[in-house]
Amino acid sequence: MKQIQEPSREIPVLAETDVLVIGSGPAGLSAALASAREGVDTMLIERFGCFGGNITQAMVGTISWYRSKKTVESGGIGTEFERRAKEMNASHQDPEGDGELLDTDMFKVVADRLVQEAGIVPILHCYTVGVIMEDNSIKGVITESKSGRQAILVKRVIDATGDADIAHYAGAACHQEPKAELMGVTTSFGCSGVDVDEFLAYIKANPSNLGDWASETTGKEDEIFSTFISEPFEKAMKAGEIPEGTTILGYWDALTDAGEALNINVAHTLGIDGTNVQDLTNAEMDGRQKVMMAVAALKKYTPGFQKARLRSLNSSLGVRETRKLVGEYVLTEENVKNLARFDDSIGIFPEFLDAYGVVTMPTTGRYFQVPYRILLPERVENLLVAGRSVSADKIAFAATRQMMCCTVTGQGAGVAAAISVKENSNCRQVDLLKVQEALKKQGVRIG
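Counted from 1, the sequence shown has number 168 at position 126 by this note's numbering; the numbering is strictly sequential.
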């Protein structure tokens, strides 16, 4: 690649803070709230114009679709998202499980309210593009925004970018699967003009189950209802209206009395590296083309959609998988499937796997503990990683990528960062008993 030499320059310091959280998806929002509630100065940076990450940008409100009566949850901020959303009329009945389906537009307002109540310093429309390092310890970050190039000086940083961007900039070891093996990205959309009663009658007459699309289950999942839909797209493909082999199939979620289908998640693009700007560009445009094919197929072949029209498109691709940290500990498939217990637990997560066609639903009360060490880079100090880029192997990632698990690692990171500031220890040496006690006080189940 051709290169140029950028001249050195002095840049202004935008702010100084105790804890800086970068990225405001389920992990980052949870981390910032947890940190601020421990009484330390906390700043939250987001590259887009609202908080919420994949919830508000990619229209993914299915934060707990896996939940059944016997599911055992960690509690904490993840379930608070559901409760506050319901209180603010910002959720819907989940057609697949016992959880609250978040209204992805209204959750922007819910997130604003939570941030303001906690006294977090918010920064929107701001990219983090570099780090300030001293003796393998992170001391600050470099940002770019409409205000220009600026620095933020910090005591602790939580990387909740989803892509391990900050860990990568800081030189921490990261891993990424080959591009051809990465999970696909999605362009979600909504429709108006839907005859909801007619559509639901069609679904009742033609029900889908998890076994219809999962390639590996424990057996108990095979007959569980799923909102999976493929028939209209298969018919359009057979008629030559959608090119053979096009990846259009997937799920629907909330339906409203106003005749809206709020999120239809069927337009997928494969072979995309979410850390590559050209790949992202190609996927955004490809996804929108597939959405138009999908809408046409729904109108022609799906009862209830005859008069439907495109209502909304996600603001940004739904990216499932990019870099993962190689941390002090790598959570394994064996840990998740065998209900692992850890002395450094920062929360629990149900035995729920969903990636690469592997599906395990938490219908029997089984769960594993989430260890603090999967947030810790091996060589970089005062940096924690939270969310889908924590340290996990390929199948364990099918659990850690889930939005509720992201809230667990986020809340754990926020509390640990705050306590390390208060006791003047780095993140690697923080008193974990104090962290666990603080998490319990914040409503988290540790074991």
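The C-beta atom is built at its ideal place from N, Cα and C for all residues, glycine as well.
In the DSSP assignment, MET327 falls within the unbroken alpha helix (DSSP H) covering 319-343.
Taken in chain order, the complete beta strand (DSSP E) segments of 3 residues or longer contained in the region 191-260 are 227-234. ARG79 has its alpha-carbon roughly 46 angstroms from the corresponding atom of LYS246.
Around the beta carbon of ARG351, a 10 Å sphere encloses fewer than 16 other beta carbons of the protein chains shown; the residue is thus reported as exposed. Excluding its 5 nearest sequence neighbours in each direction, SER250 has C-beta neighbours in its own chain below 6 angstroms: SER268, PHE270, listed in chain order. Annotated three-state conformation of CYS168 is strand, per DSSP. Each residue's CA atom was taken as its position, placing CYS447 and PHE391 some 6 angstroms apart.
Here LEU304 carries a strand assignment [DSSP, helix/strand/coil].
Membership of THR451 in the alpha helix (DSSP H) is indicated by the continuous run 445-464. Distance from the CA atom of VAL308 to the CA atom of ALA336, rounded to whole angstroms, is 8 angstroms. For GLY70, the secondary structure class from DSSP, reduced to helix, strand or coil, is helix. Under the three-state reduction of DSSP, ARG155 is assigned to helix. Taking C-beta atoms as the reference points, VAL114 and TYR409 count as a pair closer than 9 angstroms.
Note that the C-beta distance between THR451 and ALA69 is below 9 angstroms.
Contact between ALA193 and ILE53 holds: CB atoms are separated by about 6 angstroms, below the 8 angstroms threshold. For the pair HIS217 and THR364, the Cα-to-Cα distance works out to about 9 angstroms. Taking the C-beta atoms as reference points, THR185 is found nearer than 9 angstroms to ILE87. Contact between ARG415 and ASP435 is absent: CB atoms are separated by about 14 angstroms, not below the 8 angstroms threshold. According to DSSP, GLU423 shares a beta bridge with SER179. In the DSSP secondary-structure assignment, MET85 is bridged to LEU62, VAL163. The three-state secondary structure of GLN348, taken from DSSP, is coil. Around the beta carbon of PRO220, a 10 Å sphere encloses fewer than 16 other beta carbons of the protein chains shown; the residue is thus reported as exposed. Looking only at ILE388, GLY204, PHE241, the smallest Cα-Cα distance to THR317 is reached by GLY204. With fewer than 16 neighbouring CB atoms inside 10 Å of its own CB, ASN380 falls in the exposed class. Here SER354 has PHE231, GLY232 as same chain residues with Cβ atoms under 7 angstroms from its own Cβ, once five neighbours each way along the sequence are excluded. Apart from the 5 residues on each side of it in sequence, ALA222 sits with its Cβ closer than 7 angstroms to the Cβ of GLY313 in its chain, given in chain order. The region 421-438 makes contact with the region 367-383; the number of CB pairs closer than 8 angstroms reaches 3 or more. For LYS366, the pairing in a beta bridge is given by DSSP as HIS217. In this structure, ILE180 lies away from ILE162, with their beta-carbon atoms at least 9 angstroms apart. A direct Cα-to-Cα measurement between TRP107 and HIS310 gives close to 20 angstroms. The alpha-carbon separation between ARG51 and MET327 amounts to approximately 37 angstroms. Residue pairing by DSSP puts VAL55 in a beta bridge opposite ALA193. When rounded, the separation of the alpha-carbon atoms in ALA382 and ALA300 is 46 angstroms. The alpha-carbon separation between ASP136 and PHE439 amounts to approximately 24 angstroms. For LEU56 and SER187, the gap between their C-alpha atoms comes out near 11 angstroms. Burial check for ASN377: the Cβ neighbour count within 10 Å reaches 16 or more, so the residue is buried.
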